[in-house]
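Chemist: I am attaching a structure below and will ask some questions about it afterwards.
Residue numbers (the working numbering): 70 to 187.
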């Protein structure tokens, strides 16, 4: 998010608005603090479910960055307990739910992007 803000500032100066959404309130506060710390004052941080942004603000943005939550499977290398966890049957349903969430967030971001946007 801060990289997108810096990119916007570099190209458009202060004549832009970066809208950032975060579902978890504490993470939204941290995101806002980090944006301000990076010198990005033309920002609006909203604590909301990103899956709803596309329908609420269809084709409203020139640039969209969707940072979807990962599966966490990279932790398998960290310990044998993680590998054991990933071999359980409940893990399959978790991965299916995570995949669906990722797709919903990507679709919402795509819907929020203006034609010709990036």
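The beta carbon of each residue, even a glycine, is placed where N, CA and C say it ideally should be.
(1) On the criterion of 16 or more Cβ atoms from any shown chain inside 10 Å, does residue 165 qualify as buried, or is it exposed?
(2) Please identify the residue among 103, 125, 95 and 170 whose C-alpha is closest to the C-alpha of residue 136.
(3) If contact is defined by three or more beta carbon pairs under 8 Å, each pair taking one atom from either stretch, is the region 95 to 112 in contact with the region 71 to 80?
(4) Which stretch, first to last residue, makes up the alpha helix (DSSP H) that contains residue 135?
(5) I'd like the span of the beta strand (DSSP E) that includes residue 93, first residue to last.
(6) Taking the straight line between their C-alpha atoms, what separation do you get for residue 180 and residue 149?
(7) Mark residue 114 as exposed unless 16 or more other C-beta atoms lie within 10 angstroms of its C-beta, in which case mark it buried.
(8) Under the rule that 16 or more other beta-carbon atoms within 10 Å means buried, what is residue 122, buried or exposed?
Modeler: Checking against the coordinates, here is how it stands:
(1) By 1-based counting over the chain shown, the position of residue 165 is 96. Flag for residue 165 reads exposed.
(2) Here residue 136 refers to the residue found at position 67 when the chain shown is read from its first residue. The option with the nearest alpha carbon to residue 136 is 170.
(3) yes
(4) Working through the chain shown from its first residue, we reach residue 135 at position 66. Segment: none, residue 135 is in no alpha helix (DSSP H) and carries neither H nor E.
(5) Walking along the chain shown from the start, residue 93 turns up at place 24. From DSSP, residue 93 is part of no beta strand (DSSP E); its letter is neither H nor E.
(6) Taking the chain shown and counting its residues from 1, one reaches residue 180 at position 111. Taking the chain shown and counting its residues from 1, one reaches residue 149 at position 80. Answer to the nearest angstrom: the Cα atoms are 41 Å apart.
(7) Reading the chain shown from its first residue, position 45 is the one you call residue 114. When all chains shown are included, residue 114 counts as buried.
(8) Looking up residue 122 in the chain shown gives position 53. So residue 122 ends up on the buried side.
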